[in-house]
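Its first residue numbered 3, the sequence shown is counted upward by one per residue in our numbering.
Shown next, in structure tokens, is the structure this report addresses.
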Amino acid sequence: MSVGREMMAVHPVCGHLHSGSILAIYRENQYMIKFIKPELGTQKVLDINMMPKDINNPHRIVVENIDF
Numbered sequence: 003m004s005v006g007r008e009m010m011a012v013h014p015v016c017g018h019l020h021s022g023s024i025l026a027i028y029r030e031n032q033y034m035i036k037f038i039k040p041e042l043g044t045q046k047v048l049d050i051n052m053m054p055k056d057i058n059n060p061h062r063i064v065v066e067n068i069d070f
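What follows is the structure, encoded as structure tokens:
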């Protein structure tokens with residue numbers, strides 16, 4: 003995951019899934035996410051609470067690197 007990538011992330015305060023983008027990489031497993039809705043602001047989110055969005059289809063969530 004890289005800075006600027008659009009993501010779906012669980013907001014750490016409200017606990018709901020929202021759209022946003024990676025603003026900065028805080029630590030190895032934490033990212034600063036700027037949520038699209040201004041009232042949600044910018045929050046630190048663990049990598050396990052994020053998933054990339056498909057740029058070509060913003061309503062489709064992309065699942066990567068899953069072992070079955």
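Backbone N, C-alpha and C define an ideal beta-carbon position, used for all residues, glycine too.
Since the structure is predicted, the reported quantities are computational estimates derived from the model, not experimental observations.
Between which two residues does the beta strand (DSSP E) holding residue i run?
i   : result
V12 : E8 to V12
L42 : Note, L42: premise wrong, no beta strand (DSSP E); not H, not E.
Does the separation of the CB atoms of residue i and residue j fall below 9 Å?
i   : j   : result
R37 : G17 : Here the sequence assigns Phe to residue 37, which means Arg is not the residue at that position. Result no, Cβ atoms of F37 and G17 do not sit closer than 9 Å.
E8  : P54 : yes
M52 : A26 : no
Going by C-alpha distance, which of the options is nearest residue i?
i   : options               : result
H20 : G6, V5, L42 and R29   : L42
V5  : L48, I35, H13 and Q45 : I35
R29 : H13, M10 and V47      : V47
Q45 : P14, M3 and M10       : P14
Which residues does DSSP list as the beta-bridge partners of residue i?
i   : result
F4  : According to the sequence shown, residue 4 is Ser rather than Phe. In the DSSP output, where bridge partners are listed per residue, S4 has none listed.
G22 : M9 and F37
I27 : Y33
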